[in-house]
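This report refers to the structure that appears directly beneath it.
Numbering (my numbering), first residue to last: 9 to 320.
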């Protein structure tokens with residue numbers, strides 16, 4: 009939110025630069041930055057119609073009435089509210105009010121669209137619908153959009169690129185699949201989705217745990233043998249079974265004991281105790297035999313599913 013306020017011009021950075029289209033804007037007034045912004049609370053004027061709410065920015069800019077009418081109708085059509093311009097905000101659903109706020113933000117043709125947790129007040133089903141709708145609109149208008157969210161699934165679903173912030177610093181930035189599959193820190197691995205973290209010493213092509221167990225890795229940091237390191241593996245990448253079964257190439261293998269199972273409809277989460285550590289395994293409920301609490305199990309996963317990370 010602080011970054012969005014700085015981009016918009018409401019707050020000013022102590023150092024560094026903010027550029028939009030190659031132009032430094034730190035000293036450019038808010039009204040001249042051509043920024044569109046949508047907040048979680050929508051900030052609609054209750055005493056004004058939908059059309060007048062959308063027209064507000066154009067009216068302040070002094071556009072001709074004919075231009076305003078045309079652009080407002082175009083924006084409302086884009087968000088699929090073309091026939092509701094005469095209504096007041098209180099006559100709309102939460103999702104419709106969200107669309108009005110979006111139409112108001114884009115009607116002025118901003119260079120950058122800033123969205124500050126705009127879906128946070130919606131229920132889950134409506135939030136998913138609005139995620140799809142926002143993607144459609146963003147692709148159609150082609151405006152660079154910065155979207156702030158604390159919902160990791162929302163970030164993965166909607167973004168072309170993700171930036172993970174911690175204590176005001178950018179921890180990692182890149183395409184969603186890259187950040188999810190190749191996190192560069194324990195924080196990134198555990199913040200964006202679940203991850204099992206193992207800590208030990210680098211062996212060059214993996215790590216060795218304190219009890220001597222070796223874990224092979226396929227991707228991640230390149231570390232000298234002996235350096236402190238950790239590795240991450242996603243719960244859904246681990247296979248769980250009652251026994252070791254037939255040898256499985258170079259797959260990593262650990263033994264443990266089921267401490268808890270959580271049923272979640274299409275999948276189940278198993279919590280497995282191993283050497284004082286609780287590991288999480290997510291499996292699809294597709295006919296697999298249910299494993300009971302207290303059951304001894306074997307966990308397997310491929311080195312390619314394991315990411316080596318330099319010690320924090």
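Quick reminder that beta carbons are idealized off the backbone N, C-alpha and C, glycines included.
Keep in mind it's a predicted model, so treat the numbers as computed, not measured.
Legend entry - Cα-Cα separation between residue 129 and residue 10, rounded to whole angstroms: If you draw a straight line from the Cα of residue 129 to the Cα of residue 10, it is about 20 Å long.
Legend entry - Residue from 315, 29 and 56 with nearest C-alpha to residue 203: Minimum Cα distance to residue 203 is reached at 315.
Inset, instruction - Using the DSSP secondary-structure output, state which residues sit across from residue 261 in a beta bridge. - result: When DSSP reads this structure, residue 261 sits in a beta bridge with 308.
Inset, instruction - Decide if residue 75 is buried, meaning its Cβ has at least 16 other Cβ atoms within 10 Å, or exposed. - result: Exposed, since its Cβ has fewer than 16 Cβ neighbours within 10 Å.
Inset, instruction - Would you identify the three-state DSSP class for residue 284, choosing helix, strand or coil? - result: Taken through DSSP and simplified to helix, strand or coil, residue 284 comes out as coil.
Legend entry - Three-state secondary structure assigned by DSSP to residue 244: Residue state, collapsed to three classes: helix.
Legend entry - Under the three-state DSSP convention, the category residue 275 falls into: It is a strand residue.
Inset, instruction - Compute the beta-carbon to beta-carbon distance between residue 162 and residue 170, rounded to the nearest angstrom, for a pair I have assumed lies under 8 Å. - result: Contact check for residue 162 and residue 170: beta-carbon distance about 11 Å, past the 8 Å limit, so the pair fails to qualify.
Legend entry - beta strand (DSSP E) segment containing residue 155, residue limits: Counted as a single uninterrupted DSSP element, the beta strand (DSSP E) harbouring residue 155 occupies residues 152-156.
Inset, instruction - Tell me whether residue 250 is buried or exposed, calling it buried when 16 or more other Cβ atoms sit within 10 Å of its Cβ. - result: Result: exposed.
Legend entry - Selected residue, minimal CA-CA separation from residue 308, among 72, 241 and 157: With respect to the C-alpha of residue 308, the residue from 72, 241 and 157 having the closest C-alpha is 241.
Inset, instruction - Have a look at 172, 21 and 152 and flag the residue whose alpha-carbon is nearest the alpha-carbon of residue 29. - result: Nearest option by C-alpha distance: 152.
Inset, instruction - Give the DSSP-derived three-state secondary structure of residue 294 in the structure shown. - result: Here residue 294 sits in coil by DSSP.
Legend entry - Cβ-Cβ distance between residue 196 and residue 319 below 8 Å: No; because the gap between Cβ atoms is not below 8 Å, this pair is not in contact.
Inset, instruction - Could you tell me how far apart the beta carbons of residue 265 and residue 304 are, in whole angstroms, since I believe they sit closer than 8 Å? - result: Under the criterion of beta carbons closer than 8 Å, residue 265 and residue 304 qualify as touching, at roughly 6 Å.
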